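Let me begin by presenting the structure, written as structure tokens, before commenting on it.
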Amino acid sequence: MSLMLYNTIRREKEAFVPIRPGHIGMYVCGVTVYDYCHVGHARVMVMFDVIYRWLMHSGFDVDYVRNFTDVDDKIIKRALERGIAIDVLTNEMIAAFHADADALGCLRPSHEPRATEHMDAMINMIQALVEKGKAYVSDSGDVLYAVREFAEYGKLSGKKIDELESGSRVDVDGSKRDPLDFVLWKMAKAGEPAWASPWGEGRPGWHIECSAMSCGHLGDTFDIHGGGMDLKFPHHENEIAQARAANGGGFARYWLHNGFVNINAEKMSKSLGNFFTIREVTERYHPEVLRMFMLATHYRSPLDFSDAALDESKAALDRLYETAKRCQETGVPAQQSEQLPVRFTAAMDDDFNTPVALAELFDTSRMLNKGLNEGADVSALATQFAGMVALLGIVQQDASVWFQQGDVDEAAIEAQIEARLQARKARDFARADAIRNELSAQGIVLEDGAAGTTWKKI
RNA sequence: GGCAGGGUGGCUCAGUGGCUACGGCGGAGGACUGCAAAUCCUUUAUUCGCGAGUUCGAUUCUCGCCCCUGCCUCCA
54 MSLMLYNTIR
64 REKEAFVPIR
74 PGHIGMYVCG
84 VTVYDYCHVG
94 HARVMVMFDV
104 IYRWLMHSGF
114 DVDYVRNFTD
124 VDDKIIKRAL
134 ERGIAIDVLT
144 NEMIAAFHAD
154 ADALGCLRPS
164 HEPRATEHMD
174 AMINMIQALV
184 EKGKAYVSDS
194 GDVLYAVREF
204 AEYGKLSGKK
214 IDELESGSRV
224 DVDGSKRDPL
234 DFVLWKMAKA
244 GEPAWASPWG
254 EGRPGWHIEC
264 SAMSCGHLGD
274 TFDIHGGGMD
284 LKFPHHENEI
294 AQARAANGGG
304 FARYWLHNGF
314 VNINAEKMSK
324 SLGNFFTIRE
334 VTERYHPEVL
344 RMFMLATHYR
354 SPLDFSDAAL
364 DESKAALDRL
374 YETAKRCQET
384 GVPAQQSEQL
394 PVRFTAAMDD
404 DFNTPVALAE
414 LFDTSRMLNK
424 GLNEGADVSA
434 LATQFAGMVA
444 LLGIVQQDAS
454 VWFQQGDVDE
464 AAIEAQIEAR
474 LQARKARDFA
484 RADAIRNELS
494 AQGIVLEDGA
504 AGTTWKKI
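Heads up: the first sequence begins at 54 in the working numbering, then just goes up one per residue.
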């Protein structure tokens with residue numbers, strides 16, 4: 054069974070063949086660091102984290118690069134509004150990004166380049182484009198990319214230059230040879246951050262960053278490039294145009310794009326203002342619930358965000374934790390296995406079909422519970438369970454702690470449980486039930502198991 | 001208008017040219033329990049937006065229609 058990927062540029066699933074056997078270079082577009090990340094960003098983090106884990110599990114040595122855009126108009130504007138230096142803002146947001154990604158259980162990429170640290174690479178790339186006649190200096194002094202000079206422009210997004218223009222949503226700018234031409238180097242206005250370049254003091258355009266950083270880390274031709282669906286056009290289209298025209302390489306071979314997170318069937322986005330930051334959500338739900346929520350839908354499908362959906366994810370995750378808790382209580386060894394169920398592996402190999410992978414996980418969970426009920430040897434199942442769960446990055450918390458989150462007085466609860474136990478021994482069930490009801494009113498649910506009574510907070 | 005992706009049980013989400021349409025949530029019944037909770041078992045879509053076509057056979061392929069969303073400007 055080999056890995057099949059849906060390649061946006063070909064619009065179909067195809068077998069993945071790495072450029073170098075055993076090795077994968079993967080670049081994922083990160084974020085512009087001017088504000089906290091929202092749930093849409095979380096989806097990219099989580100899905101590519103799962104992809105990263107799966108590729109490594111499949112035996113590849115993965116070079117995973119995810120950038121930070123730390124020069125940009127929005128950053129300049131935000132820093133000005135807050136009256137702080139740009140690097141103070143970007144450092145703060147990068148730290149916040151890491152905190153969010155860590156909370157979501159995402160592994161750090163191999164490299165996390167920042168645009169400001171790759172000025173030379175960008176300037177060199179722009180220089181090459183100018184020399185090859187693919188870019189020009191406009192009347193305003195900005196360096197622009199001439200889309201007409203790149204024959205394949207529009208291939209990724211399936212757009213044609215002429216049709217785009219007739220759509221007339223493109224800015225009319227007299228200094229552009231073609232309305233679709235985009236900025237490679239933007240001249241700085243007074244007070245704006247600037248870097249020296251052959252064309253004067255200025256800063257790079259957004260698209261050139263990713264072309265320069267991806268090629269810089271992974272080479273002119275690399276395996277996988279990913280990001281949100283909204284980056285397909287124009288961002289990724291422009292990246293392709295720049296990189297291929299500049300260095301003659303093939304650039305990315307496989308393009309992976311994840312679907313949006315919607316609210317009320319509408320895209321969550323900054324511009325619509327209908328977004329929730331990751332930290333807002335994780336104040337109310339454990340980050341793993343958010344991760345579970347992402348995994349329950351295929352990465353290319355839209356994902357409708359709501360508290361009801363999160364509640365469902367919580368319930369589903371609880372079910373898994375219930376199994377983990379029982380294994381823990383029973384003392385079943387929980388080492389992870391490299392040998393995963395066939396269906397799970399096949400699902401992940403089939404364009405990272407996490408919903409099917411989860412279905413297999415739930416089936417294993419059920420078999421495990423059943424085996425536990427019957428006192429059978431469940432070590433093999435427990436091992437597979439642990440292996441699957443580790444690859445998905447869920448059920449990574451201590452199972453008993455998972456059910457005991459929140460403000461609780463553990464000692465008081467334990468005392469109540471002991472009191473109830475005595476009452477039950479004396480067959481004073483009225484007293485026992487009264488204690489249980491009392492705890493229940495505080496959101497504490499008791500479970501009388503073979504290994505004694507345990508409690509959980511709901 | 002161009003392009004892309006969708007419409008599957010009460011909700012959510014997979015999937016396939018044909019045996020019993022995957023899971024999860026919720027509901028119902030049962031086992032277990034003093035009673036619960038958890039778990040397990042059974043059950044919950046004559047049916048996969050609508051119409052036509054191809055086919056021995058379509059939810060799955062083709063065409064048309066209806067509806068939804070996204071991209072076409074910054075956006076994960």
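Using N, Cα and C, we set each Cβ at its ideal position, and we do this for glycine too. Small disclaimer: the values here were computed from a predicted structure and weren't measured.
Name the DSSP beta bridge partners of D403, please? On the first sequence, residue 403 is found 350 positions in, with the first residue counted as 1. D403 is bridged to M57.
Excluding five sequence neighbours on each side, which residues of the same chain lie with their C-beta closer than 6 Å to the C-beta of G83? The residue given as residue 83 occupies position 30 in the first sequence. Closer than 6 Å at the Cβ level, and outside the excluded window around G83, lie R119, N120, F121.
Span of the beta strand (DSSP E), counted from its first residue to its last, around Y80: Position 27 of the first sequence, counted from the first residue, corresponds to residue 80. Note, Y80: beta strand (DSSP E), 76-85.
Rounded straight-line distance, which links the Cα of D276 to that of G78: Position 25 of the first sequence, counting from 1, holds the residue named residue 78. Position 223 of the first sequence, counting from 1, holds the residue named residue 276. So the alpha carbons of these two residues sit roughly 5 Å apart.
For R419, the nearest candidate out of A435, D404, N406 (CA to CA): Taking the first residue of the first sequence as 1, we reach residue 419 at position 366. Minimum Cα distance to R419 is reached at A435.
Sorry if obvious, but does the Cβ on A199 come closer than 7 Å to a heavy atom of the ligand PLP? In the structure on display, the ligand PLP does not appear, and there are no ligands present to speak of.
At least three beta-carbon pairs within less than 8 Å, the stretch 269-285 to the stretch 307-326: yes
So, for Q295: in the same chain, excluding its five sequence neighbours on each side, which residues have a beta-carbon less than 7 Å away from its beta-carbon? For the purposes of this step, residue 295 is identified with residue 242 of the first sequence, where counting begins at 1. The answer, listed in chain order, is M178, L182, Y198, H260, I261, S264.
What does E67 pair with, by DSSP beta-bridge criteria? Stepping through the first sequence from its first residue, residue 67 is reached at position 14. Looking at the DSSP assignment, E67 forms a beta bridge with L58.
I'd like the ranges of any alpha helix (DSSP H) spanning at least 4 consecutive residues and lying wholly in the stretch 404-431. 407-427
Determine the direct distance from the alpha carbon of V498 to that of G440, and round the result to whole angstroms. In the first sequence, counting from the first residue as 1, residue 440 sits at position 387. In the first sequence, counting from the first residue as 1, residue 498 sits at position 445. Rounded to whole angstroms, G440 to V498 spans 29 Å at the Cα level.
Who are the Cβ neighbours of Y87 in its own chain at under 6 Å, not counting the five residues just before and after it? As a position in the first sequence, residue 87 is number 34, starting the count at 1. So the qualifying residues of the chain are K127, I128, R131.
I need the straight-line Cα distance from L160 to A443, nearest angstrom please. Locating residue 160 in the first sequence gives position 107, where the first residue counts as 1. Locating residue 443 in the first sequence gives position 390, where the first residue counts as 1. When rounded, the distance between both Cα atoms is 12 Å.
First and last residue of the alpha helix (DSSP H) that includes G302? Here residue 302 is taken as the residue at index 249 of the first sequence, counted from 1. Premise fails: G302 is in no alpha helix (DSSP H) and is neither H nor E.
Best match in L474, Q381, R477 for proximity to V431 [C-alpha to C-alpha]: As a first step, residue 431 must be located in the first sequence, where it is residue number 378. V431 has its Cα closest to that of Q381, out of L474, Q381, R477.
Count the C-beta pairs between the stretch 85-104 and the stretch 325-339 that are closer than 8 Å, then say yes if the count reaches three, no if not. yes
Contacting residues, own chain, Cβ-Cβ under 6 Å from L414 (five flanking each side not counted): Taking the first residue of the first sequence as 1, we reach residue 414 at position 361. Result list for L414: M441, in chain order.
Where does I316 fall in DSSP's three states? Taking the first residue of the first sequence as 1, we reach residue 316 at position 263. Note: I316 maps to strand in three-state DSSP.
Local Cβ density within 10 Å of Q469, reported as buried at 16 or more and exposed below that: Your numbering for residue 469 matches position 416 in the first sequence. Its Cβ being crowded by 16 or more others within 10 Å, Q469 is buried.
Helix, strand or coil for R532? Go by DSSP, reduced to three states. Look at the range of the chain in this structure, 54 to 511, and you will see that residue 532 is not part of it.
Taking contact to mean 3 or more Cβ pairs, one atom from each stretch, closer than 8 Å, check whether the stretch 345-357 and the stretch 401-412 are in contact. yes
Run of the alpha helix (DSSP H) containing L370, from where it starts to where it stops: By one-based count along the first sequence, residue 370 stands at place 317. From DSSP, the alpha helix (DSSP H) with L370 extends over 360-383.
Unbroken alpha helix (DSSP H) run spanning M266, endpoints: Along the first sequence, one-based indexing puts residue 266 at 213. 259-271 is the extent of the alpha helix (DSSP H) around M266.
Three Cβ pairs or more, each shorter than 8 Å: is that satisfied between the stretch 367-379 and the stretch 334-342? yes
In this structure, what does DSSP give as the bridge partners for E500? Reading the first sequence from its first residue, position 447 is the one you call residue 500. Paired residue(s): T507.
Is S453 closer than 8 Å to K378 when the C-beta atoms are compared? Against the first sequence, residue 378 aligns to sequence position 325. Against the first sequence, residue 453 aligns to sequence position 400. Their beta carbons are under 8 Å apart, which means K378 touches S453 by this criterion.
What is the residue span of the beta strand (DSSP E) that W238 lies within? Position 185 of the first sequence, counted from the start, is the residue given in the question as residue 238. Here the beta strand (DSSP E) through W238 covers 235-240.
Measure the CB-CB distance between R135 and G446 and report whether it falls below 8 Å. Residue 135 sits at position 82 when you count from the first residue of the first sequence. Residue 446 sits at position 393 when you count from the first residue of the first sequence. Their beta carbons are not under 8 Å apart, which means R135 does not touch G446 by this criterion.
Taking 6 Å as the limit between beta carbons, can you name the residues of its chain near Y117, skipping five residues before and five after? Looking up residue 117 in the first sequence gives position 64. Here the set comprises M79, Y105, P162, S163.
Mapping the DSSP letters down to three states, classify Y105 as helix, strand or coil. Indexing the first sequence from 1 puts residue 105 at position 52. Y105 falls in the helix class under three-state DSSP.
With a threshold of 16 other CB atoms inside 10 Å of the CB of R230, please say whether the residue is buried or exposed. For the purposes of this step, residue 230 is taken as residue 177 along the first sequence, with counting starting at 1. That one is exposed.
Can I139 and P246 be called in contact, C-beta distance under 8 Å? Stepping through the first sequence from its first residue, residue 139 is reached at position 86. Stepping through the first sequence from its first residue, residue 246 is reached at position 193. Contact flag set, yes.
With 16 as the cutoff for other CB atoms within 10 Å, does G302 come out buried or exposed? Taking the first residue of the first sequence as position 1, residue 302 is located at position 249. Burial call: exposed.
Just to confirm, is the Cβ distance from W589 to H289 under 8 Å? Residue 589 falls outside the range modelled here, since the chain spans only 54 to 511, and no answer is possible.
Going by C-alpha distance, which of S191, I214, F203 is nearest M240? Within the first sequence, the letter at position 187 stands for residue 240. Looking at the Cα atoms, S191 is the closest of the given residues.
If I measure Cβ to Cβ from P71 and keep anything under 6 Å in the same chain, skipping five residues before and after, which residues do I get? Sequence index remark: in the first sequence, residue 71 carries index 18 (1-based). Counting only Cβ-Cβ distances below 6 Å, and skipping sequence neighbours, we find I77, D276.
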